[in-house]
Amino acid sequence: MHCKNCQNEFSTAVNYCSDCGGKVVVNRITIKQILADLSNSYLSLDNKFVVTFRTLFSNPSAVVNGYINGERGKYVNPISYFVLAIAMGGVFSLLMVRGYFGEIDYSQYGAANDKLDMKDVMAKVADYNNLIYLISLPIIALMSKIVFYNLKQYNYAEHLVIYGYTYSQCAIISFLAIPILLLVKPQINYYSIISILVYIVLHIYFLKRIFHLPAKKMVLKTLLFVPVLAFFYFAMSLVFVIVFFVYLYLTNQFPIP
2 MHCKNCQNEF
12 STAVNYCSDC
22 GGKVVVNRIT
32 IKQILADLSN
42 SYLSLDNKFV
52 VTFRTLFSNP
62 SAVVNGYING
72 ERGKYVNPIS
82 YFVLAIAMGG
92 VFSLLMVRGY
102 FGEIDYSQYG
112 AANDKLDMKD
122 VMAKVADYNN
132 LIYLISLPII
142 ALMSKIVFYN
152 LKQYNYAEHL
162 VIYGYTYSQC
172 AIISFLAIPI
182 LLLVKPQINY
192 YSIISILVYI
202 VLHIYFLKRI
212 FHLPAKKMVL
222 KTLLFVPVLA
232 FFYFAMSLVF
242 VIVFFVYLYL
252 TNQFPIP
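With our numbering, you'll find the sequence shown wraps up at 258, consecutive numbering, no jumps.
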């Protein structure tokens, strides 16, 4: 016989190819086999996703430094982890916009003009949620590089790896909280504040463990993060407002008195 993946010759007595490690399949696919593959890939406690998710809590530096230093087989790579998180974040945003977590009061956003339906606007923003995630990652990595300017062990690309994991971890946690949110249906504004605080606390924990900083230095870095974040937030908000009004103008929805 020969391996169907790499064409390596082997005997029928082996279960895995000695060259590429691929599993030798000689029988036809059955429902039982499909369910077993699903369980092994996503539900077992020793699969890559579960190991990555669990280790990012217990020892985030092991995941980040492991990938950076070439240990690629034990954990999900940051790109795949980020893509998975984007997919989960898309589901979360869709459920939120459609009101499954409770209705959002859009009147507070000042949409007095009948032509400007904030619910429709937020739905359109949710459509581009994945793009927002994708754009925000390199910006956050750049902010981190600026804040940790005196720590030279990580270059910009490695900061991308760090936030590819930590940013994704927070998004996955939000996705896993969906059953609770569907039952409780909290006030969405309060939930947004709580989720932001959770994101901040988790990132303080992740970065403290990754950079091996004492608590005092981590507090100083967090305080330094505030003005850097404020600058980038202002810049991004300005760009968003400009793009938003251009969109309204081009679609003939601009509120003209």
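Beta carbons are placed, not taken as given, at the ideal position from N, Cα and C, and that holds for glycine.
Just so it is clear, the structure is predicted and the values come from calculations on it, not from any experiment.
> Exposed or buried, what is PHE93 when buried is set at 16 or more other beta-carbons lying within 10 Å of its beta-carbon?
Replying inline: Here residue 93 refers to the residue found at position 92 of the sequence shown. So PHE93 counts as buried.
> What residues in its chain sit with their C-beta under 6 Å from that of LYS222, if we drop five residues either side in the sequence?
Replying inline: Taking the sequence shown and counting its residues from 1, the one referred to as residue 222 is at position 221. For LYS222, where only same-chain residues beyond five positions count, the Cβ hits under 6 Å are VAL148.
> So which of SER169, VAL65 and LEU135 has the shortest CA-CA distance to GLU159?
Replying inline: Position 158 of the sequence shown, counted from the start, is the residue given in the question as residue 159. Of the candidates SER169, VAL65 and LEU135, the residue whose Cα lies closest to the Cα of GLU159 is VAL65.
> For HIS204, which residues from the same chain have a beta carbon less than 8 Å from its beta carbon, with the 5 sequence-adjacent residues on both sides left out?
Replying inline: Indexing the sequence shown from 1 puts residue 204 at position 203. These residues qualify, in order along the chain: THR167 and CYS171.
>> If I measure Cβ to Cβ from ILE83 and keep anything under 6 Å in the same chain, skipping five residues before and after, which residues do I get?
In response: By one-based count along the sequence shown, residue 83 stands at place 82. Here the sequence assigns Phe to residue 83, which means Ile is not the residue at that position. The residues are GLY165 and SER169.
>> Let's see if you can read the secondary structure: which residues bound the alpha helix (DSSP H) around GLN170?
In response: Stepping through the sequence shown from its first residue, residue 170 is reached at position 169. 157 to 177 is the span of the alpha helix (DSSP H), which, as asked, contains GLN170.
> Straight-line CA distance for GLN91 to ALA178?
Replying inline: As a working mapping, residue 91 is identified with position 90 in the sequence shown. As a working mapping, residue 178 is identified with position 177 in the sequence shown. The amino acid occupying residue 91 in the given sequence is Gly; Gln does not appear at that position. Distance from the CA atom of GLY91 to the CA atom of ALA178, rounded to whole angstroms, is 14 Å.
> Cα separation between TYR110 and LEU138?
Replying inline: Position 109 of the sequence shown, counted from the start, is the residue given in the question as residue 110. Position 137 of the sequence shown, counted from the start, is the residue given in the question as residue 138. Here TYR110 scores only 49 on pLDDT, less than 50, and its place in the model is too uncertain to base an answer on.
> Across which residues does DSSP place HIS3 in a beta bridge pair?
Replying inline: The count along the sequence shown starts at 1 and reaches residue 3 at position 2. Answer by DSSP bridge pairing, in chain order: GLU10.
>> Spatial neighbours of THR53 within its chain, please: C-beta separation below 7 Å, excluding the five flanking residues on both sides.
In response: In the sequence shown, residue 53 corresponds to position 52, counting from 1. Shown here for THR53: same chain residues with a beta carbon closer than 7 Å to its own, the five before and five after excluded, namely VAL64, TYR76, VAL77 and TYR82 in chain order.
> Expressed to the nearest angstrom, what Euclidean distance is found between the alpha-carbon atoms of THR56 and ASN9?
Replying inline: Stepping through the sequence shown from its first residue, residue 56 is reached at position 55. Stepping through the sequence shown from its first residue, residue 9 is reached at position 8. For THR56 and ASN9, the distance between alpha carbons rounds to 36 Å.
> In chain order, what residues of the same chain have a beta carbon less than 8 Å from the beta carbon of ALA142, not counting five sequence neighbours either side?
Replying inline: Numbered from 1 along the sequence shown, position 141 holds the residue referred to as residue 142. Beyond the five residues adjoining it in sequence on each side, ALA142 comes within less than 8 Å, by CB distance, of TYR157, HIS160, LEU161, ILE163 and TYR164 in the same chain, given in chain order.
> How should LYS153 be labelled, buried or exposed, when 16 other C-beta atoms within 10 angstroms of its C-beta is the threshold for buried?
Replying inline: Translated into positions along the sequence shown, residue 153 becomes position 152. It is exposed - the Cβ of LYS153 has fewer than 16 other Cβ atoms within 10 Å.
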